[in-house]
Amino acid sequence: MSEPGERRVVVTGMGVVAPNGLGKENFWRACLNGVSGIKPLRRFSVENLPISVAGEVTDFQAEDYLDRKFIQRTDRVTHFACVAVAEALRDARLDLAREDPQRVGAVLANTLGGIEYVIEQIKALYTQGPRAMSAYTAIAWLQVANVGQVALRYGLRGYSKTPVSDTVGGLEAMSVAAGAIRRGAVDVMLSGGSEALLHPFFLLVFGHSGLSAPGHDPRAYRPFDRRAAGLLLAEGAGICVLEEYEHARRREAPIYGEILGVGQTSDARLPLPPSSDGTYYARAMRQALEDAHLEPEAIDYFHLDGRAEPAADLAEADALRQVFGARLPELPVSVPRTMLGHSYAAAGALDTITALLALHHRQIPPTLNCEQPDPRYGLDLVCERARPFAGSTALIGGRGLSGSNIVLAVRGGEG
Amino acid sequence: MKKLRRVVITGLGVIAPNGNGREDFWRACLAGKSGIRRITRFDAAFLPTRIAGEVDTFPAREFGLNKDEIELLDRGTQFVLAATNLALRDGGLLDPTGRLLPTIERDSCGVAIGTAMGPVEEGERLWRLFTAEGTQPPRYPAGGVQLARLLLSSMPATAIAAHHQLHGPSTVIATGCSAGADAIGQAFWSIQEGRASRMLAGGCDSSINPSSINVFSIMRALSTNNDEPERASRPYDARRDGFVMSEGAGVLLLEERELALARGATLYAELLAFVSNNNAYHMTALPADGAPLQELLRQALAEAGIEGRELGYINSHGSSTPFNEAAETVAYKAVFGEDAYRIPISATKSMIGHSQGAASAIEALVTALALHHQVLPPTINQEQPDPQCDLDYVPNVARPASFQLALTHSSGFGGVNTALVLARPEYREGRALEVQR
Numbered sequence: 003m004s005e006p007g008e009r010r011v012v013v014t015g016m017g018v019v020a021p022n023g024l025g026k027e028n029f030w031r032a033c034l035n036g037v038s039g040i041k042p043l044r045r046f047s048v049e050n051l052p053i054s055v056a057g058e059v060t061d062f063q064a065e066d067y068l069d070r071k072f073i074q075r076t077d078r079v080t081h082f083a084c085v086a087v088a089e090a091l092r093d094a095r096l097d098l099a100r101e102d103p104q105r106v107g108a109v110l111a112n113t114l115g116g117i118e119y120v121i122e123q124i125k126a127l128y129t130q131g132p133r134a135m136s137a138y139t140a141i142a143w144l145q146v147a148n149v150g151q152v153a154l155r156y157g158l159r160g161y162s163k164t165p166v167s168d169t170v171g172g173l174e175a176m177s178v179a180a181g182a183i184r185r186g187a188v189d190v191m192l193s194g195g196s197e198a199l200l201h202p203f204f205l206l207v208f209g210h211s212g213l214s215a216p217g218h219d220p221r222a223y224r225p226f227d228r229r230a231a232g233l234l235l236a237e238g239a240g241i242c243v244l245e246e247y248e249h250a251r252r253r254e255a256p257i258y259g260e261i262l263g264v265g266q267t268s269d270a271r272l273p274l275p276p277s278s279d280g281t282y283y284a285r286a287m288r289q290a291l292e293d294a295h296l297e298p299e300a301i302d303y304f305h306l307d308g309r310a311e312p313a314a315d316l317a318e319a320d321a322l323r324q325v326f327g328a329r330l331p332e333l334p335v336s337v338p339r340t341m342l343g344h345s346y347a348a349a350g351a352l353d354t355i356t357a358l359l360a361l362h363h364r365q366i367p368p369t370l371n372c373e374q375p376d377p378r379y380g381l382d383l384v385c386e387r388a389r390p391f392a393g394s395t396a397l398i399g400g401r402g403l404s405g406s407n408i409v410l411a412v413r414g415g416e417g
Numbered sequence: 278m279k280k281l282r283r284v285v286i287t288g289l290g291v292i293a294p295n296g297n298g299r300e301d302f303w304r305a306c307l308a309g310k311s312g313i314r315r316i317t318r319f320d321a322a323f324l325p326t327r328i329a330g331e332v333d334t335f336p337a338r339e340f341g342l343n344k345d346e347i348e349l350l351d352r353g354t355q356f357v358l359a360a361t362n363l364a365l366r367d368g369g370l371l372d373p374t375g376r377l378l379p380t381i382e383r384d385s386c387g388v389a390i391g392t393a394m395g396p397v398e399e400g401e402r403l404w405r406l407f408t409a410e411g412t413q414p415p416r417y418p419a420g421g422v423q424l425a426r427l428l429l430s431s432m433p434a435t436a437i438a439a440h441h442q443l444h445g446p447s448t449v450i451a452t453g454c455s456a457g458a459d460a461i462g463q464a465f466w467s468i469q470e471g472r473a474s475r476m477l478a479g480g481c482d483s484s485i486n487p488s489s490i491n492v493f494s495i496m497r498a499l500s501t502n503n504d505e506p507e508r509a510s511r512p513y514d515a516r517r518d519g520f521v522m523s524e525g526a527g528v529l530l531l532e533e534r535e536l537a538l539a540r541g542a543t544l545y546a547e548l549l550a551f552v553s554n555n556n557a558y559h560m561t562a563l564p565a566d567g568a569p570l571q572e573l574l575r576q577a578l579a580e581a582g583i584e585g586r587e588l589g590y591i592n593s594h595g596s597s598t599p600f601n602e603a604a605e606t607v608a609y610k611a612v613f614g615e616d617a618y619r620i621p622i623s624a625t626k627s628m629i630g631h632s633q634g635a636a637s638a639i640e641a642l643v644t645a646l647a648l649h650h651q652v653l654p655p656t657i658n659q660e661q662p663d664p665q666c667d668l669d670y671v672p673n674v675a676r677p678a679s680f681q682l683a684l685t686h687s688s689g690f691g692g693v694n695t696a697l698v699l700a701r702p703e704y705r706e707g708r709a710l711e712v713q714r
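The listed protein sequences derive, respectively, from chains A and B.
At position 207 of the first sequence the residue is numbered 209 (the working numbering), and the sequence of numbers has no breaks.
At position 327 of the second sequence the residue is numbered 604 (the working numbering), and the sequence of numbers has no breaks.
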């Protein structure tokens with residue numbers, strides 16, 4: 003991406019709604035201190051549910067940020083998105099009034115849409131008849147709601163997209179947004195993901211589908227541990243302001259880091275059971291390195307996907323071994339998401355933010371709950387406590403439930 | 278920016294209410310055949326709208342789906358897998374047994390699919406089962422039930438990648454009514470920029486279920502012309518009263534041009550430009566002056582490096598809603614001036630309704646076929662002219678035309694507007710010669 007004449011993409015702002023911290027500063031402090039946001043669910047009764055603990059965003063009051071009418075017409079997933087966007091814009095010190103609205107867009111990933119809202123309305127339809135449904139249902143429900151509402155609130159008229167690639171959607175949003183800036187379709191992008199999937203009906207679906215572990219132990223999310231048995235769920239949002247480098251420099255914006263390259267492949271297999279073959283994930287890593295004009299030796303930290311299922315963890319370790327070879331045991335790796343749970347489309351965005359903050363503050367946040375790391379993976383997993391390091395360049399890996407592999411290469415600071 | 282590679286359309290696959298497969302579908306479109314009927318997928322008696330465009334014949338096995346796929350995949354995903362197989366067959370990339378030819382490189386072949394609704398019919402069915410029609414808190418049924426497909430928003434692309442072992446980038450985009458065209462656009466960029474050499478790109482949706490119909494009814498977005506289903510979708514006509522929900526899928530095989538030429542493929546058209554913006558005006562509508570559409574059309578012309586008057590055909594969003602077509606018409610006049618009256622415009626939704634995420638992909642496919650065959654499909658149900666819509670909408674009857682360039686555009690939920698510009702495969706060479714002269 004740094005070849006002459008190529009447009010470079012930097013990150014100039016961040017907004018976070020996470021189970022272990024509202025706002026970027028609180029979130030980062032919690033991550034450094036190994037504070038988990040995974041707790042017994044409080045927003046509804048968990049009686050008869052296979053999942054009773056998750057990364058729930060508990061101290062969030064939409065009324066503190068958004069007006070009543072807006073709150074009533076939108077779902078929690080959109081509330082999260084809007085609050086994270088507002089913080090990211092403030093953080094980037096971006097005055098949209100000074101921007102050409104056609105050159106500013108949004109790429110916001112999401113998986114299930116506004117499910118809490120729509121399920122209430124479907125209930126109204128079935129128990130009270132068609133007229134009992136709110137006229138705002140479609141707008142609140144469809145996955146495109148977040149992009150639409152954010153564009154409307156901030157007058158963004160540029161390129162806008164909604165990737166829905168389940169657990170890897172947030173990383174894909176970064177890839178799509180960076181791609182649009184690189185090719186010149188826009189100069190500024192609000193990019194990330196938002197998810198509010200903790201609902202009794204969907205917890206039943208998750209718990210019985212084999213796609214997440216039935217969860218009653220808040221410490222059960224332990225990738226690369228001998229006892230790994232699946233991940234725990236979460237909700238939240240992560241938003242980055244991505245910006246063309248010269249544009250950011252001209253307005254003297256804070257620069258957290260640069261998106262240097264992207265790789266994307268597919269395992270091309272249906273999701274269950276997960277595969278232990280990391281070949282195509284490794285290929286995505288190599289693509290990201292090549293796109294960034296980097297050799298594997300240049301990578302100082304790998305921000306893992308950490309699905310916490312033995313086969314999936316084996317595949318991730320296998321992919322890393324294919325790319326980093328004998329150097330792998332010296333490469334620090336971590337799954338800070340163990341402090342949050344997996345918030346599907348928000349996860350990749352929160353991972354990107356965490357990795358950039360790690361480079362910025364020169365501290366790798368820890369992987370929690372991994373008291374019995376399994377040596378067969380051969381990884382230098384940063385466990386329990388944050389680790390200071392001096393590196394500048396990282397890869398961020400993400401894997402979709404259905405085999406989509408996305409890897410971002412990032413560098414911290416002005417570069 | 279690296280030099281951009283050229284991208285051509287070499288295969289077309291479609292599942293639609295008025296015909297499956299390129300040939301049947303195109304014949305139906307040229308004959309002005311409507312696929313709108315009374316709803317049969319559920320008893321719609323309790324709803325104000327009781328018509329839709331259903332795919333009434335769908336022999337999944339004949340379209341190459343295996344037993345597991347028929348059992349496990351939601352209906353929209355089955356449609357898009359079938360449309361993919363049709364597109365690959367049409368493009369000459371399948372062997373007689375339906376397998377991808379061994380010479381086709383799978384690592385650089387990807388998938389991009391748009392969907393607006395996802396597996397919503399399945400979601401509603403499970404919710405009814407778990408809650409006894411909403412009368413009890415959700416409970417897992419004693420007999421067990423197949424669940425995973427509900428959670429995998431990426432399934433339409435994954436099913437295709439898995440079926441044909443395609444390891445390139447695989448993605449699903451959910452930008453409402455523009456989703457299919459957005460997926461085609463993203464795929465186009467992937468090939469242009471060298472991240473893939475071939476892409477299967479398109480859209481799908483199947484959401485003819487009570488809650489999906491009613492969420493649009495309650496917004497008064499749907500036609501209630503229940504007595505004359507085939508005449509209910511009437512873009513530009515004075516009596517249009519809302520869109521008609523439908524289902525289906527459309528898939529385009531996109532190829533890097535040199536690769537397609539080397540294997541002697543039929544080139545339906547070249548993709549010249551993909552542009553997309555946001556209204557930032559309303560979640561579901563264009564402003565009366567169609568300003569965002571004006572911007573979009575100007576960007577599309579600039580990106581393609583062409584003049585408005587060169588366009589020989591526009592396949593419009595034309596959803597049959599009172600506001601949309603009036604705003605579209607204003608935007609055409611603002612951008613094309615007097616030429617707006619000379620550029621034929623037609624709306625495929627008049628025949629097949631609005632298949633959500635599939636619609637804009639099927640419309641791109643129609644645009645490619647119009648260029649290829651040099652025939653313009655009609656907008657049907659043009660009976661009572663609307664003075665606000667006074668352009669040439671190719672009323673009721675298909676007509677031959679001689680043209681090199683066409684544009685298709687869509688607008689919709691979330692305010693996303695998208696346009697694609699297509700050209701006859703020889704267009705750029707012809708223009709280069711002209712410049713030399």
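Ideal Cβ positions, reconstructed from N, Cα and C, are used throughout, including at glycine.
As the structure is a prediction and not an experimental result, all values here were calculated from the model.
Cβ-based burial, A:MET3 [other Cβ within 10 Å; buried from 16]: Bear in mind that a pLDDT of 45 at A:MET3, under 50, signals an unreliable position, so the number given afterwards is only what the model happens to contain. Buried is the label assigned to A:MET3, since at least 16 other Cβ atoms lie within 10 Å of its Cβ.
Residues that A:ARG185 contacts on chain B, provided the C-beta gap is smaller than 9 Å: MET278, LEU281, TRP466, GLN469 and GLU470
Within-9 Å CB hit, A:ALA108 to chain C: Absent from the structure is chain C; the protein chains it does hold are A and B.
Proximity test, Cβ basis, 9 Å: A:ALA147 and chain B: Chain B contact via Cβ: present.
Neighbour-count burial assignment, B:VAL712, 16 or more Cβ in a 10 Å radius: exposed
Same chain, Cβ closer than 6 Å to B:SER474, neighbours up to 5 away in sequence not counted: Excluding its 5 nearest sequence neighbours in each direction, B:SER474 has C-beta neighbours in its own chain below 6 Å: SER385, GLU533 and LEU536, listed in chain order.
Whole alpha helix (DSSP H) elements within the segment 350 to 392 of chain B, 4-residue minimum: 352 to 367
Below-9 Å beta-carbon distance, A:GLN104 vs any chain B residue: Using a Cβ-Cβ cut-off of 9 Å, A:GLN104 counts as an interface residue toward chain B, since at least one Cβ of chain B sits closer than that to its own.
Sub-9 Å separation of B:ARG601 and A:ARG159 beta-carbons: It is Asn, not Arg, that sits at residue 601 of chain B in the sequence shown. Taking 9 Å as the Cβ cut-off, B:ASN601 and A:ARG159 do not qualify as a contacting pair.
C-alpha distance - A:GLU292 paired with A:MET341, whole-angstrom precision: 31 Å
Start-end ranges of the beta strand (DSSP E) lying completely within the segment 499 to 565 of chain B, minimum 3 residues: 525 to 533 and 546 to 555
Contact set between B:THR412 and chain A, taken where Cβ atoms lie within less than 8 Å: THR129
From A:PHE82, A:VAL412, A:ALA347 and A:ILE53, residue whose alpha carbon lies closest to that of A:ILE301: A:VAL412
Interface flag, A:VAL11 vs chain B, CB-CB below 9 Å: When Cβ-Cβ separations below 9 Å define contact, A:VAL11 makes no contact with chain B.
Identified DSSP bridge partners for A:LEU205: DSSP, once it has assigned bridges, lists no residue as partnering A:LEU205.
Extent of the continuous alpha helix (DSSP H) run through A:ASP93: Start and end: 78 to 93.
Any chain A beta carbon closer than 9 Å to B:PRO564: no
Chain B residues whose Cβ lies nearer than 8 Å to that of A:ASP454: Given a span of 3 to 417 for chain A in the structure shown, any question on residue 454 of chain A remains unanswerable.
Residue span of the beta strand (DSSP E) that contains B:LYS280, given as start and end: First-last for B:LYS280: undefined, no H or E at that position.
B:LEU653 versus B:ALA647 - alpha carbon distance: 6 Å
Through-space distance from B:ALA700 to B:LEU544, alpha-carbon basis: 11 Å
Chain-order list of residues whose beta-carbon lies under 6 Å from that of A:LYS163 (same chain, five-residue window excluded): VAL109 and VAL178
Interfacial residues, the segment 310 to 330 of chain A to chain B, with Cβ spacing under 7 Å: Those would be none; no residue qualifies.
Buried versus exposed call for A:TYR119 [16 or more other C-beta atoms within 10 Å across all chains shown]: buried
Reduced DSSP category for A:MET3 - H, G, I as helix; E, B as strand; rest coil: The predicted position of A:MET3 is uncertain, since its pLDDT is 45 and thus under 50; a value taken from the coordinates is nonetheless stated next. DSSP places A:MET3 in coil when its eight states are reduced to three.
A:PHE203 classed as buried or exposed, judged by whether at least 16 other C-beta atoms fall within 10 angstroms: buried
For A:LEU114 and A:LEU199, believed in contact at Cβ under 8 Å, the rounded distance: 5 Å
Span separating the alpha-carbon of A:ARG271 from that of B:ALA439: Between the C-alpha atoms of A:ARG271 and B:ALA439 there is a straight-line separation of about 4 Å.
Separation of A:ALA182 from B:LYS310, as counted between CA atoms: Their backbone Cα atoms lie some 39 Å apart in a straight line.
Residue of B:THR380, B:ARG705, B:SER523 and B:TYR670 minimising C-alpha distance to B:ILE622: Minimum Cα distance to B:ILE622 is reached at B:TYR670.
Cβ contact (3+ pairs, closer than 8 Å) linking the segment 301 to 310 of chain A and the segment 454 to 472 of chain B: no
Inter-residue Cα distance where the pair is A:GLN130 and A:ALA140: If I take the Cα positions, the gap works out to 18 Å.
B:GLY387 vs B:GLY445 beta-carbon contact at 9 Å: yes
Exposed unless 16 or more other CB atoms sit within 10 angstroms - verdict on A:GLU246: buried
Anticipated Cβ contact below 8 Å, B:ALA436 with B:THR448, distance rounded: The pair is not a contact, with the Cβ atoms about 13 Å apart (cut-off 8 Å).
Outcome for B:TYR618 when other beta-carbon atoms lying within 10 angstroms are tallied against a minimum of 16: exposed
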